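Note sheet for the following structure.
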DNA sequence: ACACCACTTGACACTATTTGACACTAGGAT
DNA sequence: ATCCTAGTGTCAAATAGTGTCAAGTGGTGT
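Chains as they are written, first to last, in the working numbering: chain H, 1 to 147; chain R, 1001 to 1147.
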């Protein structure tokens, strides 16, 4: 049922991140993929099944030339790397992406249905707090949604 | 799979820049080239496989005489230099180009499909932050693209 | 509560790639 | 002619990435 759940995982000393088994199963069964395409996203990273990624690329390539297209190419498409799982279910995240997301030891991996987000624990705490206060401020919206 | 990925590389004390092995492989296999043509581009540099560069030159030469053609000749075609790899996979970037892009110690090399961009770390941080804030401000656009 | 099992993590050895260093060459200026 | 600077070729050290093993961890079912 798509990627979901929040996992604290660790990164080994060479920069490999363990991807939870449930996500790997999901990928194998629903996408027939043995890897993920990882790229920058805000102060963290996102990962997509390769087939999803191909669609996104199409969309970006189809944009009219201009600063928006440039920005997407430079900050999303260009830094992306396809990473495959090793025997233990880890992916090697390239150094530049690790640095971008300040991944050092503890990382949080979150299933977001179509995509998977990867954050440093600090960054995740921050963004989660931000989101929480947005929700707090919108009690009506929450109620309307049925929460 | 064309050039892609973002790499932090360093420049040696004589002005040679290491080109990532993956780009060199790509060049060898898809372009049968052992070097790159480097030229100015905004506040940084771009590098093209020689065969691509030849096409670009054709296009510029074919332009009708006028200030636009002049500008392209002066700022893109004229400063270009074909650089070949040394045994360690480095290219010697001419001084004038190094100065133009303020390359001193840490440089960022980015695969942009048909071309490769080369920035000083500072310049890249700047331009990436700019692009990121553009993307942030256009949440709808990002969603439409599938991100 | 216990034993079991699957998953995650740390570690290590090995390979590939990148980097710093140094000696050497060519060309320009004095 | 000689000095100085910029560039070249090459070596070897350092760093980064890969594959794999085995110990740890947490969850499951009985």
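For every residue, glycine included, the Cβ atom is placed at its ideal position computed from N, Cα and C.
Quantities reported herein were computed from a predicted structural model and do not represent experimental measurements.
Quick one: is residue 66 of chain H buried, meaning 16 or more other Cβ sit within 10 Å of its Cβ, or exposed?
On the first chain, residue 66 of chain H is found 66 positions in, with the first residue counted as 1. Residue 66 of chain H should be labelled exposed.
Taking only beta-carbon positions, decide if residue 16 of chain H is within less than 8 Å of chain R.
Residue numbering aside, residue 16 of chain H sits at position 16 when the first chain is read from its first letter. Residue 16 of chain H does not count as touching chain R.
Within chain R, the residues that residue 76 of chain H reaches when beta carbons sit closer than 7 Å:
Here residue 76 of chain H corresponds to residue number 76 of the first chain, with the count starting at 1. Correct list: 1147.
Just to make sure I have the definition right: I need the residues of chain H whose C-beta is within less than 7 Å of the C-beta of residue 1006 of chain R. Which are they?
One-based indexing of the second chain puts residue 1006 of chain R at position 6. Within 7 Å Cβ-Cβ: 78, 79 and 96.
Thinking C-alpha only, which one of H:46, H:11, H:33 and H:6 is nearest residue 1147 of chain R?
Taking the first residue of the second chain as position 1, residue 1147 of chain R is located at position 147. Minimum Cα distance to residue 1147 of chain R is reached at H:46.
CB contact check: residue 128 of chain H to chain R, cutoff 8 Å:
Residue 128 of chain H sits at position 128 when you count from the first residue of the first chain. By this cut-off, residue 128 of chain H is not an interface position.
State yes or no: is the C-beta of residue 94 of chain H within less than 8 Å of the C-beta of residue 81 of chain H?
Within the first chain, the letter at position 94 stands for residue 94 of chain H. Within the first chain, the letter at position 81 stands for residue 81 of chain H. Result yes, Cβ atoms of residue 94 of chain H and residue 81 of chain H sit closer than 8 Å.
Please state the DSSP three-state secondary structure of residue 127 of chain H.
Here residue 127 of chain H is taken as the residue at index 127 of the first chain, counted from 1. If DSSP states are grouped into helix, strand and coil, residue 127 of chain H belongs with the helices.
For residue 118 of chain H and chain R, any beta-carbon pair shorter than 8 Å?
Position 118 of the first chain, counted from the first residue, corresponds to residue 118 of chain H. No, because no Cβ of chain R sits closer than 8 Å to the Cβ of residue 118 of chain H.
Excluding five sequence neighbours on each side, which residues of the same chain lie with their C-beta closer than 7 Å to the C-beta of residue 1050 of chain R?
As a working note, residue 1050 of chain R is residue 50 in the second chain. Taken in chain order, the residues that qualify are 1033, 1035, 1037 and 1082.
Taking residue 1055 of chain R as part of the alpha helix (DSSP H), name the residues at either end of that continuous run.
Position 55 of the second chain holds residue 1055 of chain R. Looking at the DSSP string, the run of the alpha helix (DSSP H) that includes residue 1055 of chain R is 1050 to 1061.
Residues of chain R with a CB under 7 Å from the CB of residue 34 of chain H: which are they?
Taking the first residue of the first chain as 1, we reach residue 34 of chain H at position 34. Neighbours of residue 34 of chain H on chain R: none; closest Cβ ~16 Å, over 7 Å.
Going by beta carbon distance, what residues of the same chain come within less than 7 Å of residue 96 of chain H, once the five residues before and after it are set aside?
By 1-based counting over the first chain, the position of residue 96 of chain H is 96. So the list reads 79, once near-sequence residues are dropped.
Could you compute how far the alpha carbon of residue 1070 of chain R sits from the alpha carbon of residue 1062 of chain R?
Counted from its first residue, the second chain places residue 1070 of chain R at position 70. Counted from its first residue, the second chain places residue 1062 of chain R at position 62. Answer to the nearest angstrom: the Cα atoms are 12 Å apart.
What is the residue span of the beta strand (DSSP E) that residue 35 of chain H lies within?
Taking the first residue of the first chain as position 1, residue 35 of chain H is located at position 35. From DSSP, the beta strand (DSSP E) with residue 35 of chain H extends over 35 to 41.
Do the segment 1102 to 1121 of chain R and the segment 1130 to 1145 of chain R touch if we need at least three Cβ pairs shorter than 8 Å?
no
Going along chain H, which residues have a C-beta under 8 Å from residue 1111 of chain R?
By one-based count along the second chain, residue 1111 of chain R stands at place 111. What residue 1111 of chain R touches in chain H: 78.
My guess is that residue 1011 of chain R and residue 1107 of chain R are in contact by the Cβ rule of under 8 Å, so how many angstroms apart are they, rounded?
For this step, residue 1011 of chain R is matched to residue 11 along the second chain. For this step, residue 1107 of chain R is matched to residue 107 along the second chain. The Cβ separation is near 6 Å, so the contact holds.
DSSP-derived helix/strand/coil call for residue 23 of chain H:
Position 23 of the first chain holds residue 23 of chain H. Three-state result, residue 23 of chain H: helix.
If you measure from the beta carbon of residue 67 of chain H to each beta carbon in chain R, is any gap under 8 Å?
Position 67 of the first chain, counting from 1, holds the residue named residue 67 of chain H. Yes, because at least one Cβ of chain R sits closer than 8 Å to the Cβ of residue 67 of chain H.
Exposed or buried, which one is residue 113 of chain H when buried takes at least 16 other CB atoms within 10 Å?
Within the first chain, residue 113 of chain H is the residue found at index 113, counting from 1. So residue 113 of chain H counts as exposed.
Look at the Cβ atom of residue 117 of chain H, then the Cβ atom of residue 44 of chain H, and state whether they are nearer than 8 Å.
As a position in the first chain, residue 117 of chain H is number 117, starting the count at 1. As a position in the first chain, residue 44 of chain H is number 44, starting the count at 1. Yes, Cβ-Cβ distance for residue 117 of chain H and residue 44 of chain H is below 8 Å.
Residue nearest to residue 17 of chain H in terms of C-alpha spacing, selected from H:30, H:4 and H:90:
Within the first chain, residue 17 of chain H is the residue found at index 17, counting from 1. Comparing Cα-Cα distances from residue 17 of chain H to each of H:30, H:4 and H:90, the minimum goes to H:90.
Just curious, the beta strand (DSSP E) that residue 1008 of chain R is in, first and last residue?
Taking the first residue of the second chain as position 1, residue 1008 of chain R is located at position 8. 1003 to 1010 is the extent of the beta strand (DSSP E) around residue 1008 of chain R.
Strictly below 7 Å CB to CB, what residues from chain R border residue 60 of chain H?
Taking the first residue of the first chain as position 1, residue 60 of chain H is located at position 60. Correct list: 1145.
Select from H:9, H:5 and H:27 the residue whose C-alpha is nearest the C-alpha of residue 84 of chain H.
Within the first chain, residue 84 of chain H is the residue found at index 84, counting from 1. Minimum Cα distance to residue 84 of chain H is reached at H:27.
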